[in-house]
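Here the structure comes first, spelled out in structure tokens, and everything after it is commentary.
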Amino acid sequence: MQMRKRVPACLIASSMASLAVLMMVLYGTIGSQQSGSSSLRHDYQLLGRPLYKLDLNWPKNPELFTGAAFGVAVNQHAGVVYVAQRGDNVPKVLVFTTDGDFLMSWNTTTLEMPHGIFLADASSSNPTVWITDVGSGPYGHCIKQYSPSGKLLQVLGTPGEAGSGLNPLQFDSPAEIFVHDSGEMYIVDGDGGLNNRLIKLSKEQQVLWMHGEKGQGPAQFNIPHSVTVDNVQRVWVADRGNKRIQVFSSITGEWLGMWGSCFTEDAPYSVRLTPDKKYFVVVQLNTNQISLLEAPPVGSIGQCSVASVIQLADEMKPHLVDLDLKTGELYVAEIGAQQAQKFTPFSLGGSFL
621 MQMRKRVPAC LIASSMASLA VLMMVLYGTI GSQQSGSSSL RHDYQLLGRP
671 LYKLDLNWPK NPELFTGAAF GVAVNQHAGV VYVAQRGDNV PKVLVFTTDG
721 DFLMSWNTTT LEMPHGIFLA DASSSNPTVW ITDVGSGPYG HCIKQYSPSG
771 KLLQVLGTPG EAGSGLNPLQ FDSPAEIFVH DSGEMYIVDG DGGLNNRLIK
821 LSKEQQVLWM HGEKGQGPAQ FNIPHSVTVD NVQRVWVADR GNKRIQVFSS
871 ITGEWLGMWG SCFTEDAPYS VRLTPDKKYF VVVQLNTNQI SLLEAPPVGS
921 IGQCSVASVI QLADEMKPHL VDLDLKTGEL YVAEIGAQQA QKFTPFSLGG
971 SFL
């Protein structure tokens with residue numbers, strides 16, 4: 621398969637370009653590798669510093685992917701990976717071990733169109749799975765909390781009704797939720813609907829602060845698509861329609877800065893932080909790229925700098941990602957290829973830690 625060799629604009633500086641060429645020579649195009657009975661597509665290239673390699677044997681039963689994989693969530697303590705998928709007459713969630721064994725599927729009727737998925741309280745005895753539902757039917761426009769086995773526990777929003785209200789809460793195509801260890805929640809609401817909002821909720825699910833204006837200015841959004849919180853009280857939002865990442869104080873909601881120079885060709889769709897706090901993993905769906913951006917020091921946002929790129933084959937369409945915070949392993953939901961894949965770090969024999 622002919623692979624794209626497009627490199628983000630901020631990798632075109634001479635030193636990085638030379639490094640990219642060297643890495644391509646050393647590691648080459650890792651294309652058309654198949655592992656036994658696997659039906660996964662494995663074509664990719666490494667550009668820049670080689671930080672991740674594909675695990676060709678995950679999962680062990682790839683034929684179980686029967687819909688478009690939209691999101692992934694990892695419970696690093698239990699060694700479990702949840703994959704949310706869409707499609708007619710397909711299970712909405714598939715559950716695997718981090719070793720690739722299939723555990724179960726959720727054939728729940730309470731999910732219409734899953735978008736984002738997040739594992740909360742992973743270190744507790746009662747972890748839960750949060751899923752944003754962008755469906756337009758009687759169960760859509762909500763964020764839902766499930767037990768690890770798929771039992772519906774609670775619903776945020778008004779099922780089947782798109783809206784912008786805060787009391788009670790309403791959503792319109794909520795894209796993703798991030799639940800902090802404190803129990804506080806960060807929600808990006810606006811996968812192409814009425815709203816373009818970043819909302820912080822307390823543990824008791826009361827609104828603490830919000831940015832909700834559509835536009836191109838600071839703290840304005842156009843399809844906020846993914847959200848994560850780092851270890852120094854900063855919130856990072858993939859502002860998809862504006863082709864940038866915006867950064868806020870998690871305490872006050874104050875706008876701190878933005879990154880845009882790395883996204884001239886395609887927008888950021890997903891943002892997550894590696895467990896060593898050195899890199900942000902950012903997905904660009906249309907250019908089929910997974911980039912690792914240097915995390916800035918405390919007190920500075922600066923401009924984005926690309927350290928490494930995993931260039932996937934055409935039409936793989938990576939959508940959202942998650943990381944195992946114990947091992948640094950990276951899981952990617954690919955809606956074009958209708959699959960999820962696992963990448964393991966080169967560092968320290970397969971671990972960032």
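For the sequence shown, the working numbering gives the first residue as 621, with consecutive numbering after it.
Yeah, the Cβ is synthetic: ideal placement off N, Cα and C, and Gly gets one too.
Whole angstroms is fine: what's the gap from Phe883's alpha carbon to Cys924's? Whole-angstrom Cα-Cα distance: 9 angstroms.
What is the rounded straight-line gap between the Cα of Tyr647 and the Cα of Val901? In this predicted model, Tyr647 has a pLDDT of only 39, less than 50, meaning its place in the structure is not dependable; the value taken from the coordinates is given anyway. Straight-line Cα distance between these residues: approximately 21 angstroms.
With burial defined as no fewer than 16 other Cβ atoms inside 10 Å of the residue's Cβ, what is the status of Ser822: buried or exposed? Counting Cβ neighbours within 10 Å, Ser822 comes out exposed, since fewer than 16 surround it.
Can you check DSSP and say which residues form a bridge with Glu914? Paired residues: Tyr899.
Would you call Lys897 buried or exposed, if buried means 16 or more other Cβ atoms sit within 10 Å of its Cβ? Looking at its Cβ environment, which holds fewer than 16 other Cβ atoms inside 10 Å, Lys897 is exposed.
In three-state terms, what does DSSP make of Glu954? Reduced to three states, the DSSP call for Glu954 is strand.
For Leu731 and Val700, which I take to be in contact (beta-carbon distance under 8 angstroms), what is that distance rounded to the nearest angstrom? So it is not a contact: roughly 18 angstroms between Cβ atoms.
Best match in Ser890, Pro888, Val891, Val857 for proximity to Trp875 [C-alpha to C-alpha]: With distances taken between Cα atoms, Trp875 lies closest to Val857.
Beta-bridge partners of Trp829, as assigned by DSSP: Note: Trp829 sits in a beta bridge opposite Lys820.
Mark Ala960 as exposed unless 16 or more other C-beta atoms lie within 10 angstroms of its C-beta, in which case mark it buried. Buried, because 16 or more other Cβ atoms sit within 10 Å of the Cβ of Ala960.
May I ask which residues mark the beginning and end of the beta strand (DSSP E) holding Trp879? Per DSSP, Trp879 belongs to the beta strand (DSSP E) from 875 to 879.
Of the residues Ser784, Arg892, Gly691, Pro682, the one placed nearest Arg661, counting alpha carbons only: Checking every option, the nearest Cα to that of Arg661 belongs to Pro682.
Have a look at Val867 and Ile921 and give me their C-alpha separation to the nearest angstrom. Roughly 8 angstroms separates the two Cα atoms.
Could you check if Asp809 is buried or exposed, using at least 16 other CB atoms within 10 Å of its CB as the buried criterion? By the Cβ-count criterion, Asp809 is buried, with 16 or more other Cβ atoms from all chains shown falling within 10 Å of its own Cβ.
By how many angstroms is the C-alpha of Leu913 removed from the C-alpha of Thr964? The straight-line gap from Cα to Cα measures roughly 17 angstroms.
What residues in its chain sit with their C-beta under 7 angstroms from that of Thr748, if we drop five residues either side in the sequence? Cβ neighbours of Thr748 beyond the five flanking positions: Ala740, Asp741, Gln765, Tyr766, Ser767, Leu773.
List the residues that DSSP assigns as beta-bridge partners of Pro938. DSSP lists Glu954 as partners of Pro938.
Minimum C-alpha distance to Gly835 - residue among Glu935, Gly861, Ala698, Arg854: Taking only the C-alpha atoms, the option nearest Gly835 is Gly861.
Closest to Asn709 by C-alpha separation, out of Gly720, Gly687, Trp678, would be which residue? The residue among Gly720, Gly687, Trp678 with its C-alpha nearest the C-alpha of Asn709 is Gly687.
Please state the DSSP three-state secondary structure of Gly757. Coil, per DSSP.
Flag this pair as touching only if the segment 834 to 851 and the segment 783 to 792 have three or more C-beta atom pairs under 8 angstroms; answer yes or no. The segment 834 to 851 and the segment 783 to 792 do not touch, with fewer than 3 CB-CB distances between them shorter than 8 angstroms.
Determine the contact status of Asp859 and Met878, defining contact as a CB-CB distance below 9 angstroms. Contact: yes.
Please confirm whether Trp726 and Gly770 have their CB atoms less than 9 angstroms apart. Yes; because the gap between Cβ atoms is below 9 angstroms, this pair is in contact.
Give me the Cα-Cα distance between Leu674 and Pro938, rounded to the nearest whole angstrom. Taking the straight line joining both Cα atoms gives about 14 angstroms.
Considering only the alpha carbon of each residue, which of Gln705, Leu893, Leu667 lies closest to Phe685? Ranking the options by Cα distance to Phe685, first place goes to Gln705.
Continuous beta strand (DSSP E) assignments of at least 3 residues falling wholly in the segment 716 to 771: You should have 722 to 726, 734 to 740, 748 to 753, 762 to 766.
Using the rule of at least 16 other Cβ atoms within 10 Å of the residue's Cβ for burial, across every protein chain shown, is Thr848 buried or exposed? Residue burial annotation: Thr848 is buried, with at least 16 other C-beta atoms found within 10 angstroms of its C-beta.
How many Å lie between Val713 and Val703 at the Cα? Straight-line spacing of the CA atoms in Val713 and Val703 works out to 5 angstroms.
Residue interval of the beta strand (DSSP E) (run including Asp663): First-last for Asp663: undefined, no H or E at that position.
Classify Leu943 as helix, strand or coil using the three-state DSSP reduction. Leu943 falls in the strand class under three-state DSSP.
Does the beta-carbon distance from Ala782 to His735 come in below 9 angstroms? No, the Cβ-Cβ distance between Ala782 and His735 is not below 9 angstroms.
Could you tell me whether the Cβ atoms of Gly668 and Val891 are closer together than 9 angstroms? In this structure, Gly668 keeps its C-beta atom at 9 angstroms or more from the C-beta atom of Val891.
Hey, how far is the Cα of Ser928 from the Cα of Gly777? The straight-line gap separating the alpha-carbon atoms of Ser928 and Gly777 is approximately 39 angstroms.
Per DSSP, what kind of secondary structure is Arg860 in: helix, strand or coil? Helix.
Measuring alpha carbon to alpha carbon, tell me which residue in Gln904, Asn816, Ser911, Thr907 is nearest Thr894. Looking from the CA of Thr894, the closest CA among Gln904, Asn816, Ser911, Thr907 belongs to Ser911.
Please return the same chain residues whose Cβ sits closer than 7 angstroms to the Cβ of Val827, not counting the five positions on each side in sequence. Leu786, Ile819, Leu821.
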